[in-house]
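Residue numbers (our numbering): 27 to 279. C-beta atoms are modelled at their ideal positions from N, C-alpha and C, and glycine is treated no differently. Written out below as structure tokens is the structure these notes cover.
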């Protein structure tokens with residue numbers, strides 16, 4: 027049975043762990059050639075190793091998404107390596123300072139915005155430029171349930187993820203007639219290294235996060251990856267501009 031992304035080339039930022047790694051593996055399973063980008067070399071290369079071990083085609087490009095030159099080079103490398111770019115999952119992000127609004131420093135706030143917002147904007151900027159000249163494509167950005175609701179002790183993170191939702195809606199409208207679909211996935215509490223770091227920084231975080239989930243458990247990275255793969259596939263050809271909650275019912279409360 028043919029994969030949903032046969033013949034496609036997919037780019038994944040933050041592909042060295044968590045949701046990015048799981049999605050890269052699913053993209054490859056569905057037939058795509060995958061470019062894995064991450065600021066951490068070891069994790070990115072491990073994702074490529076797993077894809078290749080399963081018979082897929084992948085390559086790694088070290089990238090800091092907050093730097094325009096590196097993002098432009100990433101997209102150029104993708105096209106040079108595989109000849110095209112059909113799908114992009116702009117997933118790289120950080121959890122922020124985990125502090126109340128008055129306690130977050132300017133440097134912490136700026137860093138979160140640089141990675142979570144500027145990084146997504148830069149990726150779209152260069153991805154869309156290529157897609158416009160090659161007949162279209164599909165982009166999915168990672169926001170969060172925190173892009174749809176407020177959370178205490180997360181002013182920088184919440185602001186950044188709300189911004190990703192807004193950027194996505196705007197780009198979707200701008201390029202709807204150009205064959206480019208742009209959507210956002212909004213994960214709830216997912217069992218990832220980011221959640222583990224938050225649990226170390228905030229006592230009782232695990233219990234609080236699970237208590238916010240009507241389903242009563244953490245989500246798995248692969249559950250987000252399956253949604254992203256669907257959004258990138260032709261099955262979602264009439265879907266653009268949405269913030270898709272994959273959150274165990276969190277924002278339905």
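Span of the alpha helix (DSSP H), counted from its first residue to its last, around residue 97: 94-108
Secondary structure of residue 36, DSSP reduced to three states: strand
Short Cβ contact (9 Å threshold) for residue 97 with residue 61: no
Helix, strand or coil at residue 263 according to DSSP, with G and I counted as helix: coil
Span of the beta strand (DSSP E), counted from its first residue to its last, around residue 86: 84-88
Validate contact between the region 101-120 and the region 38-47 using beta carbons, cut 8 Å, 3 pairs: yes
Euclidean distance between Cα positions of residue 271 and residue 199: 20 Å
C-alpha gap between residue 229 and residue 142, whole angstroms: 25 Å
Beta strand (DSSP E) runs wholly inside the region 169-223, at least 3 long, in chain order: 206-213
Beta-carbon proximity list for residue 35, same chain, < 6 Å, skipping 5 on both sides: 59, 108, 110, 111 and 112
Bounding residues of the beta strand (DSSP E) (the contiguous stretch that carries residue 59): 59-64
Nonlocal neighbours in the same chain, by C-beta distance under 6 Å from residue 248, ignoring five residues either side: 48
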